[in-house]
Amino acid sequence: MGRARLAELHGVATSYDPAPGRTVQVPEDTVVAVLAALGVDASTPRSVTEALDRHDSRRRERLLPPCVVVRPGKVPRLSLPEGTALRVRLEDGAPHARGRAAAGALRAGGPLTRGAREGGALDGVLTEGALEGAFTAGVLTDGAFTAGVLTDGVLTAGVLTDGVLTEGATADGLLTALAALPPGAHTLLAEAPDGRRATAPLIVAPDRMPLSPARSHGFLVQLYSLLSARSWGMGDLGDLADLAAWSGRALGAGFVQINPLHAAVPGTPAAPTDPSPYRPSSRRFPDPVHLRIEDVPEYAHLRGRARERADQLLEAAAALRTAVLREGALIDRDAVWALKREALELVRTVPLSPGRRAAYCDFLAERGQALEDHALWCALAEIHGPEWRTWPDGLADPRSSGTARARAEHLDRTDFHCWLAWLTDTQLAAAQRAAREAGMGIGLVHDLAVGVHPSGADAWALQDVFASGMSIGAPPDAFNSRGQDWGLPPWRPDALAATGYAPYRDLLRGLLRHAGALRIDHVMGLFRLWWVPEGREPTEGCYVRYDAEAMLGALALEAHRAGAVVIGEDLGTVEPGVREELERRGVLGTSVMWFERNYDGVGAARPLAPEEWRADCLATVTTHDLPSTAARLTGDHVELRHRLGLLSRPLAEERAADAVEVAEWLGLLGRLGLLPEGPGDEEAAVKAVHRFLLRTPAKMVGVWLPDAVGDRRPQNLPGTWDQYPNWRLPIADAEGRPMSLEELVASPRLRALMDEVARLAPLASAPGVPGGS
0 MGRARLAELH GVATSYDPAP GRTVQVPEDT VVAVLAALGV DASTPRSVTE ALDRHDSRRR
60 ERLLPPCVVV RPGKVPRLSL PEGTALRVRL EDGAPHARGR AAAGALRAGG PLTRGAREGG
120 ALDGVLTEGA LEGAFTAGVL TDGAFTAGVL TDGVLTAGVL TDGVLTEGAT ADGLLTALAA
180 LPPGAHTLLA EAPDGRRATA PLIVAPDRMP LSPARSHGFL VQLYSLLSAR SWGMGDLGDL
240 ADLAAWSGRA LGAGFVQINP LHAAVPGTPA APTDPSPYRP SSRRFPDPVH LRIEDVPEYA
300 HLRGRARERA DQLLEAAAAL RTAVLREGAL IDRDAVWALK REALELVRTV PLSPGRRAAY
360 CDFLAERGQA LEDHALWCAL AEIHGPEWRT WPDGLADPRS SGTARARAEH LDRTDFHCWL
420 AWLTDTQLAA AQRAAREAGM GIGLVHDLAV GVHPSGADAW ALQDVFASGM SIGAPPDAFN
480 SRGQDWGLPP WRPDALAATG YAPYRDLLRG LLRHAGALRI DHVMGLFRLW WVPEGREPTE
540 GCYVRYDAEA MLGALALEAH RAGAVVIGED LGTVEPGVRE ELERRGVLGT SVMWFERNYD
600 GVGAARPLAP EEWRADCLAT VTTHDLPSTA ARLTGDHVEL RHRLGLLSRP LAEERAADAV
660 EVAEWLGLLG RLGLLPEGPG DEEAAVKAVH RFLLRTPAKM VGVWLPDAVG DRRPQNLPGT
720 WDQYPNWRLP IADAEGRPMS LEELVASPRL RALMDEVARL APLASAPGVP GGS
């Protein structure tokens with residue numbers, strides 16, 4: 000019982016429910032290992048007792064919790080001794096707010112003259128003179144003032160109309176004034192009458208994420224797969240800007256959603272770069288492999304031998320591009336980066352203009368320590384390899400004296416990687432600017448991977464907030480009886496809270512710098528994650544809970560600052576209440592047509608009619624992890640999995656089950672009059688499923704760009720590694736012929752589909768139109 004209690008106190012689940020009416024107990028040694036990763040020894044009965052005693056002692060002695068999160072109209076519960084003085088230091092350095100804990104509801108210099116009730120609390124609407132010489136008007140709602148006017152610089156509880164709170168009070172240990180503060184990451188300071196002092200991060204967050212603009216449609220695309228006549232062997236930020244500008248102007252698109260552009264762990268001769276965008280080195284900085292070299296202003300000023308070499312590199316890049324687009328070669332990220340890195344070394348010899356130098360210095364100051372750490376890791380990885388846990392001379396510790404010496408020794412190389420981060424940031428800004436200038440209401444939708452590679456820059460720089468010896472994954476379910484281990488270290492909930500969620504907010508700010516929306520992969524991870532101890536099977540993991548109020552608060556704060564829409568990938572198994580809470584907080588869900596079925600009641604598992612879909616979502620037919628729509632309609636995806644030995648039952652059974660599923664959807668489309676051409680025409684059926692999406696009330700409708708030209712190859716085939724070229728395929732037509740951006744733009748098939756999407760999208764959201772909202 001003691002260990003179970005200790006686990007509960009630290010958010011570690013000792014059981015889970017994989018299905019209604021079924022509970023699985025977590026192995027005891029898993030609980031011990033996970034608690035150890037959280038800094039808690041639970042290996043023996045004595046250590047459990049001591050850990051419980053320490054926890055209770057700290058709770059009694061602590062004035063403030065590790066972090067306080069406040070939403071408008073919400074009152075945080077703080078147990079404070081009577082007479083505890085409180086101050087708030089705003090993040091912009093504004094004067095402190097002040098207050099004092101009181102046994103009664105209010106403690107003021109003047110007597111209460113109106114609105115009193117038994118116990119000294121306030122009730123109702125205060126119209127005048129509520130507090131002599133202090134407060135002239137206010138409305139009490141649920142125990143806290145929601146409006147008020149400061150008259151002489153003293154306020155005992157309430158919200159000031161100018162957003163600055165100068166004094167607040169607590170009632171019976173409940174703070175009733177903090178919700179008055181402006182949104183931000185502030186600091187709460189407390190001093191008890193016995194002299195004890197404490198500080199805690201104070202996050203004041205909006206109640207909801209920013210609203211999406213008018214209903215919009217757009218493309219979903221893996222950027223590396225989008226090659227143009229100017230690409231160096233893979234799609235780049237110039238291609239992204241061109242796609243956004245064209246689709247915004249020509250197709251009325253409102254957004255382009257892309258794969259994560261996070262920095263990757265660099266490859267070595269023995270181990271090429273992992274092409275998966277979901278196992279990054281850093282989520283805080285994008286990868287410079289996405290740069291369009293010719294768009295760096297200094298490139299035009301290369302002269303002499305540097306210009307000759309740059310031209311040679313340009314020719315080599317053209318050969319890479321031709322190999323991918325015309326000769327069936329796979330996208331080779333390492334080959335692309337080798338050419339770009341050498342070109343960038345040449346470009347760096349050109350001095351920055353005064354204005355560009357000033358902009359670069361501003362970027363350095365803005366990104367601060369995080370950028371310095373990232374750049375130093377990149378420099379050290381060039382010397383010692385990317386596996387920082389094997390680095391010599393204390394370099395595995397980013398704050399050691401050896402690392403401090405390395406910072407001084409490698410200033411030039413560190414500056415090179417800072418410069419690369421700045422160049423990438425400027426081209427991302429240009430792409431988002433191109434999207435908005437083309438009339439897009441949202442523009443770029445960036446993607447946040449669920450974790451980072453254990454060998455990467457973030458895992459090195461942020462060791463204190465990652466759980467050592469743990470990996471995140473998924474428990475066994477109906478689709479994977481062995482569970483999943485993704486090989487990514489999880490955040491430590493306690494360490495994140497102690498920092499005021501600063502690392503989390505920092506990566507969100509970085510992603511949202513040039514984005515109109517953010518997609519969060521596995522958004523359920525804001526509530527809990529499946530931790531797998533190193534060396535054990537995924538079945539031997541357990542859930543660890545996070546403070547969802549704080550995680551969502553930090554997300555809302557940064558989204559509010561950026562004015563960005565938030566989309567949560569909530570596919571698969573989701574614990575009860577999570578989708579409802581995300582909806583309340585303004586996070587759009589992800590609805591994929593093939594998964595939208597009625598799993599309860601009469602007609603179980605039938606496809607959902609368009610009016611049954613939720614409105615607060617991004618609706619798509621497929622995703623990067625699923626078969627393309629053409630492959631699904633023709634059954635090609637079943638044949639592919641059969642050839643790779645991935646089927647879990649005989650081929651005939653898989654074909655039959657797949658045919659039934661497709662027939663159910665096509666039958667619904669036919670009954671709705673969306674498939675006038677009949678079920679035999681694959682291109683017509685692709686149009687029909689998108690007509691269907693536009694009948695739903697979904698606020699965002701996404702078209703997987705390969706679907707628009709009939710591509711039948713998946714970009715990623717889960718469960719494979721070397722058997723299939725995941726994340727390395729260019730977009731291709733129905734015959735498998737790679738297509739450049741220029742060919743995509745000129746494609747009659749693409750234009751026919753997108754013209755219809757553009758025509759139907761505004762109609763479907765108009766009142767009175769079938770399927771509209």
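Everything in the sequence shown is counted per numbering that gives the first Met the number 0, starting at 0 for the first residue and increasing by one. All residues carry an ideal CB built from backbone N, CA and C; glycine is no exception.
Straight-line Cα distance separating residue j from residue i
i      : j      : result
Leu375 : Gly455 : 12 Å
Val163 : His185 : Because the pLDDT at Val163 is just 35, under 50, the model does not fix this residue reliably, and the value given afterwards should be weighed accordingly. About 13 Å.
Leu419 : Ala448 : 21 Å
Leu427 : Arg518 : 17 Å
Ala604 : Phe594 : 9 Å
Ala50  : Glu660 : 53 Å
Asp193 : Asp40  : 32 Å
Ala299 : Ala228 : 19 Å
Thr145 : Lys73  : Confidence in Thr145 is poor, its pLDDT being 38 and thus under 50, which makes the residue's placement too unreliable to answer from.
Leu121 : Pro80  : Only weak support exists for where Leu121 lies, its pLDDT of 33 falling under 50; the coordinates are left without a value.
Pro761 : Leu625 : 28 Å
Glu314 : Phe478 : 47 Å
Arg712 : Pro705 : 9 Å
Pro350 : Ala342 : 15 Å
Thr425 : Arg340 : 17 Å
Gly677 : Phe691 : 15 Å
Arg412 : Arg59  : 49 Å
Nearest-angstrom beta carbon gap, residue j and residue i [assumed within contact, 8 Å]
i      : j      : result
Gly303 : Phe254 : 44 Å between Cβ atoms; not a contact.
Pro489 : Leu461 : Wrong, their Cβ atoms sit about 12 Å apart, outside the cutoff.
Ser215 : Met699 : 6 Å
Pro492 : Gly482 : Incorrect: roughly 21 Å between the Cβ atoms, too far for contact.
Gly634 : Asp599 : Contact flag wrong, Cβ pair sits at about 29 Å.
Whether residue i touches residue j by CB criterion (9 Å)
i      : j      : result
Val201 : Gly540 : Reading the sequence as shown, one finds Leu at residue 201 and not Val. No. Outside cutoff.
Thr22  : Asp16  : yes
Phe526 : Arg544 : yes
Val564 : Met233 : no
Ala614 : Pro537 : no
Ala586 : Leu422 : Correcting the residue identity first, residue 586 is Val in this sequence and not Ala. In this structure, Leu422 does not lie closer than 9 Å to Val586 by Cβ.
Pro276 : Trp726 : yes
Ala561 : Gln256 : no
Ser42  : Val31  : yes
Leu219 : Thr619 : yes
Leu487 : His452 : yes
Asn258 : Gln221 : yes
Ala204 : Val69  : yes
Gly266 : Asp333 : yes
Leu250 : Asp754 : yes
Leu345 : Leu410 : no
Leu570 : Val591 : yes
Ile292 : Trp231 : yes
Given residue i as reference, the closest of the options once Cα atoms are compared
i      : options                        : result
Ala407 : Leu693, Asp372, Pro488         : Asp372
Ala84  : Gly576, Leu62, Arg76, Val67    : Leu62
Arg640 : Trp490, Pro717, Val591         : Pro717
Asp457 : His261, Ala228, Leu363         : His261
Pro737 : Leu556, Leu226, Asp310         : Leu226
Tyr723 : Ala651, Glu755, His636         : His636
Cys417 : Leu180, Arg404, Cys360         : Cys360
Ile566 : Lys686, Ala745, Val688, Val522 : Val522
Pro729 : Ser211, Tyr223, Leu671         : Tyr223
Thr198 : Arg86, Gly92, Glu90            : Arg86
Leu645 : Asn597, Trp612, Thr719         : Thr719
Glu548 : His559, Glu580, Thr572         : Glu580
Any C-beta of chain C under 9 Å from that of residue i
i      : result
Leu693 : The structure shown contains no chain C; it is built from a single protein chain.
Any 3 or more C-beta pairs closer than 8 Å across the region 425–437 and the region 227–244: Between the region 425–437 and the region 227–244 there are three or more C-beta pairs closer than 8 Å, enough to call the two in contact.
Inter-stretch contact (C-beta, 8 Å, three-pair minimum) for the region 313–328 and the region 380–387: In short, these stretches do not touch, since the Cβ pair count stays below three.
Stretch-stretch touch, CB-based, cutoff 8 Å, three pairs: the region 502–518 with the region 274–283: yes
Three-pair Cβ contact test at 8 Å for the region 651–669 versus the region 728–747: no
Cβ contact check for the region 528–542 and the region 463–472: 3 or more pairs under 8 Å: yes
Stretch pair the region 391–399 + the region 355–367: three plus CB contacts closer than 8 Å: no
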